[in-house]
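Protein chains in written order, with numbering that gives the first Met the number 0: chain S, 0 to 408; chain Z, 0 to 408.
2 protein chains.
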Amino acid sequence: MINENNNISYGNKDKKNNTQIINQNFIDNKNINFTVTPWEVKGDIDYNKLIEKFGTFEITTNIIEQFKKITGEIHPFLKNKYFFSHRDLDWILKEYQNGNKFYLYTGRGPSGLIHLGHLMPWLFTKYIQDKFNVKLLFQLTDDEKFLFNDKNDLEMIDIFTYENVLDIIAIGFDSAKTNIIIDTKHINYLYPISLEIAKRITFSTAKSVFGFSNSSNIGMIGFPPIQSAPCFLPSVIEKKPTPVLIPAAIDQDPYWRITRDIAEKIGYYKPAQIHSKFIPGLINNGKMSSSKPDSALFTKDDPELIEKKVKNTFTGGQPTVSLQRKLGGNADICPVYWYLKYLFDNEEESIQRYNNCKGGSLLCGDCKNDLIKDVKPFIKDIQRKREKAKDMIKEFMIDGKDLGHKDKK
Amino acid sequence: MINENNNISYGNKDKKNNTQIINQNFIDNKNINFTVTPWEVKGDIDYNKLIEKFGTFEITTNIIEQFKKITGEIHPFLKNKYFFSHRDLDWILKEYQNGNKFYLYTGRGPSGLIHLGHLMPWLFTKYIQDKFNVKLLFQLTDDEKFLFNDKNDLEMIDIFTYENVLDIIAIGFDSAKTNIIIDTKHINYLYPISLEIAKRITFSTAKSVFGFSNSSNIGMIGFPPIQSAPCFLPSVIEKKPTPVLIPAAIDQDPYWRITRDIAEKIGYYKPAQIHSKFIPGLINNGKMSSSKPDSALFTKDDPELIEKKVKNTFTGGQPTVSLQRKLGGNADICPVYWYLKYLFDNEEESIQRYNNCKGGSLLCGDCKNDLIKDVKPFIKDIQRKREKAKDMIKEFMIDGKDLGHKDKK
Numbered sequence: 000m001i002n003e004n005n006n007i008s009y010g011n012k013d014k015k016n017n018t019q020i021i022n023q024n025f026i027d028n029k030n031i032n033f034t035v036t037p038w039e040v041k042g043d044i045d046y047n048k049l050i051e052k053f054g055t056f057e058i059t060t061n062i063i064e065q066f067k068k069i070t071g072e073i074h075p076f077l078k079n080k081y082f083f084s085h086r087d088l089d090w091i092l093k094e095y096q097n098g099n100k101f102y103l104y105t106g107r108g109p110s111g112l113i114h115l116g117h118l119m120p121w122l123f124t125k126y127i128q129d130k131f132n133v134k135l136l137f138q139l140t141d142d143e144k145f146l147f148n149d150k151n152d153l154e155m156i157d158i159f160t161y162e163n164v165l166d167i168i169a170i171g172f173d174s175a176k177t178n179i180i181i182d183t184k185h186i187n188y189l190y191p192i193s194l195e196i197a198k199r200i201t202f203s204t205a206k207s208v209f210g211f212s213n214s215s216n217i218g219m220i221g222f223p224p225i226q227s228a229p230c231f232l233p234s235v236i237e238k239k240p241t242p243v244l245i246p247a248a249i250d251q252d253p254y255w256r257i258t259r260d261i262a263e264k265i266g267y268y269k270p271a272q273i274h275s276k277f278i279p280g281l282i283n284n285g286k287m288s289s290s291k292p293d294s295a296l297f298t299k300d301d302p303e304l305i306e307k308k309v310k311n312t313f314t315g316g317q318p319t320v321s322l323q324r325k326l327g328g329n330a331d332i333c334p335v336y337w338y339l340k341y342l343f344d345n346e347e348e349s350i351q352r353y354n355n356c357k358g359g360s361l362l363c364g365d366c367k368n369d370l371i372k373d374v375k376p377f378i379k380d381i382q383r384k385r386e387k388a389k390d391m392i393k394e395f396m397i398d399g400k401d402l403g404h405k406d407k408k
Numbered sequence: 000m001i002n003e004n005n006n007i008s009y010g011n012k013d014k015k016n017n018t019q020i021i022n023q024n025f026i027d028n029k030n031i032n033f034t035v036t037p038w039e040v041k042g043d044i045d046y047n048k049l050i051e052k053f054g055t056f057e058i059t060t061n062i063i064e065q066f067k068k069i070t071g072e073i074h075p076f077l078k079n080k081y082f083f084s085h086r087d088l089d090w091i092l093k094e095y096q097n098g099n100k101f102y103l104y105t106g107r108g109p110s111g112l113i114h115l116g117h118l119m120p121w122l123f124t125k126y127i128q129d130k131f132n133v134k135l136l137f138q139l140t141d142d143e144k145f146l147f148n149d150k151n152d153l154e155m156i157d158i159f160t161y162e163n164v165l166d167i168i169a170i171g172f173d174s175a176k177t178n179i180i181i182d183t184k185h186i187n188y189l190y191p192i193s194l195e196i197a198k199r200i201t202f203s204t205a206k207s208v209f210g211f212s213n214s215s216n217i218g219m220i221g222f223p224p225i226q227s228a229p230c231f232l233p234s235v236i237e238k239k240p241t242p243v244l245i246p247a248a249i250d251q252d253p254y255w256r257i258t259r260d261i262a263e264k265i266g267y268y269k270p271a272q273i274h275s276k277f278i279p280g281l282i283n284n285g286k287m288s289s290s291k292p293d294s295a296l297f298t299k300d301d302p303e304l305i306e307k308k309v310k311n312t313f314t315g316g317q318p319t320v321s322l323q324r325k326l327g328g329n330a331d332i333c334p335v336y337w338y339l340k341y342l343f344d345n346e347e348e349s350i351q352r353y354n355n356c357k358g359g360s361l362l363c364g365d366c367k368n369d370l371i372k373d374v375k376p377f378i379k380d381i382q383r384k385r386e387k388a389k390d391m392i393k394e395f396m397i398d399g400k401d402l403g404h405k406d407k408k
């Protein structure tokens, strides 16, 4: 079906040979003290330096204007730069305007329950699906989560996969335009494509991009093409080369980098990407982590627990009220401020909150109360939708079949 | 389903740590001048040295007697040592006698058409299926043939897969007790098991056993667990640890070696093996190769072509009739003698043929005529059965579905 000589060329060139060695850990560099890989995010992330290191492109005001021409508005996640970086997004938008519709593709590694940090790129993905009227592939990489962590067994991951599927459906994606792919269950949709990809990536390349070593298991080494395959599945489904746009946090970029490098060789478009930042947990800095349960607000948490977690969280405020009044707080490092900004405050409210915090007129307790007031009904609404989702699973699965799970609640 | 603590121990221990470095090419060793890997067989193979190098076990007269107790006879392939080596065959027979039935598992890499050399282990596999009344998994590793050869594309391999399936069915396996697995089509049956295997094999081990390097593609590195998975699929199907016996040429041993090393760690029996020798092509020495079309007798060859090929073939005879009469021939290196011995002559006829050749009273033309007389109706019969096989495909496939191939004849 795929013509190997069909060399498609378009859009932005990649800034460098993607397969060159990428530092796995930027901490060695004296100007950079953070780590961003598909398996680890830590440190104080400088997103401008990340764009430079990964060789991606900033989302410029020009691109945001291109969006506005189609959607009639500017989504807050673009305005507030939660989505900040891209590859070929301008090309995707131009193709769309010329009538060449893209597929969305995003994913989730089901190693735990879903928290607010996970939902943010999904909310944006739903927004794009609605505004552009496009199809979505949503991949759950249960195989990856099994292979990359000694402690994970398939039975445990299976439970999280089921729970995560309920959250995905609860977000409100259009079942007629969304296919969920669970790797261990729907591998037959991906495997032939993954072979075409795997054949064109040497161990040497995979080692450079992902940091594999002699002690890596061969499942890890063989895995990346399984995550690449949905980039090309739309072309197989539509029986013609079909553009794909991937909304995801920027830590997944290494996967798309190697995928882009081989795409044209096998007659497909390079997948375009739109990269989000990470949102910190409520206690620790860094990406909100589902492996540190106390640090995150989970969609399955009881509203009372949510309230307790927010009240106990780390903020950017001063140790005492009088110091806060005198010195002001630091909203830039405050997850309570960030959650309000990204999920609940409008632009004006957020600016006012930032200034009042800095000026010392706003106390941490005030912001925490605001967040509790907003987040409790938000989570309750998701919980209602998760219940309904239990009867909608087969409408979303790529094979049209149910998962056969009993409710684990 | 599988209990990780269920440590099963039994039968022969492996002679050495299977994962130690195995010479990929024995030619470096001054006493050994042959190569045997899953991808290459060349040189003058000394099967006793192969047993020593691979750490397998000779099939002793004791084991042959164990067979006879069950089957009431000694199969010619055991008597004439076409099957010459094993791992845990004695254990498999003992378990069988105690009521613990095994599954057979064998396979084929569908990179070309089927010739007589391929049929021999299949004929023995069918014999075991009939005599022991056991189930068989037959795997077609179309993915392997794609990944390990730059020239192969999936479309071409798909055609050979279809043709090979017809040959497998033509052999006469019992459809009620046989499941054919084509990797790219039935990967969903293998993938979850293959992950359990892949997680327990490091790149370091795979490099030692298979000779992978930095320039190996990551599909090759990720492949071995896909060939290992059918060793454990019977345990999943039967919902209890189930012994497996693999009849196959000894070049496949590295796959089973790594599989045996991890089997008990994940609660399965180590797969047992019975290894065959290679049968030379009709022109070249070494394994009959489907990539050298002139050298082999294919099941799709017209009977006239078969006759022509046999007449033109290399033999162990002398250059002239008078020299043959004077010096005698060398049956040990003669593929015409071998094919008659392994497929058509009975024991007595074969000994007589050997002695008459050595003594100079039998000429190459005589043996060639004998082979032509036997092989033409043999191949015609297979061709009749291949035609019937076209309507039987779905009875054999593990998913019960047809392959949807038009006849490519």
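Just so you know, even glycine gets a beta-carbon here, dropped at the ideal spot from N, CA and C.
Please read all numbers here as calculations on a predicted model, not as lab measurements.
- Rounded to whole angstroms, the gap between the alpha carbons of S/Phe-137 and S/Tyr-104 is 6 angstroms.
- For S/Lys-41, no alpha helix (DSSP H) encloses it; the enclosing beta strand (DSSP E) starts and ends at 39–42.
- Boundaries of the alpha helix (DSSP H) around S/His-185: 182–197.
- Per DSSP, Z/Thr-258 is one residue of the alpha helix (DSSP H) stretching across 252–262.
- A straight line joining the alpha-carbon of S/Asp-398 with that of S/Ala-247 spans about 24 angstroms.
- Sixteen is the threshold: since fewer than 16 other Cβ atoms of the shown chains lie within 10 Å of the Cβ of S/Gln-351, the residue is exposed.
- Apart from the 5 residues on each side of it in sequence, S/Ser-275 sits with its Cβ closer than 8 angstroms to the Cβ of Phe-76, Tyr-81, Phe-82, Phe-83, Met-119, Pro-120, Phe-123, Pro-246, Ala-247, Ala-248 and Ile-249 in its chain, given in chain order.
- By a beta-carbon distance limit of 8 angstroms, S/Ile-220 does not contact Z/Pro-224. Their separation comes to about 11 angstroms.
- Residue environment: S/Asp-87 is assigned as buried (16 or more neighbouring CB atoms within 10 Å of its CB, all protein chains considered).
- A distance below 9 angstroms separates the beta carbons of S/Gly-359 and S/Lys-325.
- Listed in chain order, the non-local C-beta contacts of S/Ile-170 below 6 angstroms within the same chain comprise Trp-121 and Lys-125, local neighbours out to five positions each way being set aside.
- For Z/Asn-187, the closest Cβ of chain S is nearer than 9 angstroms.
- For S/Ser-110, no CB of chain Z lies under 9 angstroms from its own CB, so it is not counted at the interface with that chain.
- Comparing C-alpha distances from Z/Leu-49 to each of Z/Phe-395, Z/Asp-390, Z/Gln-251 and Z/Arg-107 shows the shortest one belongs to Z/Gln-251.
- DSSP, reduced to helix, strand and coil, places S/Met-396 within a strand of the structure shown.
- For Z/Asn-132, the number of other beta carbons within 10 angstroms of its own is below 16, and it is reported as exposed.
- In the structure shown, Z/Ser-207 adopts helical secondary structure according to DSSP, grouped into three states.
- Counting C-beta pairs closer than 8 angstroms gives fewer than three between the region 201–209 of chain S and the region 187–195 of chain Z, which falls short of the contact rule.
- Cβ neighbours of S/Gln-317 within its own chain (closer than 7 angstroms, five residues either side excluded): Gln-323, Leu-326 and Gly-328.
- By the criterion of a C-beta distance shorter than 8 angstroms, Z/Ile-63 is surrounded in its chain by Ile-73, Leu-77 and Lys-78, once the five residues flanking it on both sides are discounted.
- Excluding residues up to 5 positions away in sequence, Trp-38 and Met-219 lie with their Cβ nearer than 7 angstroms to the Cβ of Z/Phe-147 in the same chain.
- Residue environment for S/Ala-228: buried (at least 16 other C-beta atoms within 10 angstroms of its C-beta).
- Chain Z has no Cβ within less than 9 angstroms of the Cβ of S/Asp-260.
- For secondary structure counted as the alpha helix (DSSP H) over 4 or more consecutive residues, the region 51–77 of chain Z holds these complete runs in sequence order: 60–70.
- In the DSSP assignment, Z/Asn-216 forms a beta bridge with S/Thr-201.
- Around the beta-carbon of S/Ala-197, 16 or more other beta-carbon atoms lie within 10 Å, marking it buried.
- Inclusion of Z/Ile-186 and S/Ile-44 in the CB contact set at 9 angstroms is not warranted, their separation being larger than that value.
- S/Ile-167 is the residue among S/Ile-167, S/Ile-273 and S/Tyr-102 whose C-alpha sits nearest the C-alpha of S/Thr-298.
- Positions of the alpha helix (DSSP H) runs, each at least 4 residues long and wholly inside the region 306–388 of chain S, are given as 320–326, 334–338, 346–358 and 363–388 in order along the chain.
- The three-state reading of DSSP puts S/Thr-298 in coil, since its state is none of H, G, I, E or B.
- Taking C-alpha positions only, S/Tyr-341 is separated from S/Gln-382 by approximately 20 angstroms.
- With distances taken between CA atoms, Z/Ser-214 lies nearest to Z/Asp-149 out of Z/Asp-149, Z/Lys-269, Z/Asn-163 and Z/Glu-162.
- The residues Cys-333, Val-335 and Cys-363, in chain order, have a CB closer than 6 angstroms to that of Z/Thr-314 in the same chain once the five nearest residues on each side in sequence are set aside.
- Z/Phe-231 sits away from Z/Thr-36, with the two beta carbons spaced by 9 angstroms or more.
- Cβ contact annotation for S/Glu-195 (same chain, cutoff 7 angstroms, sequence separation greater than five): Ile-265, in chain order.
- Non-local beta-carbon contacts of S/Asn-368 in its own chain, meaning distances under 8 angstroms to residues more than five positions away in sequence, are absent.
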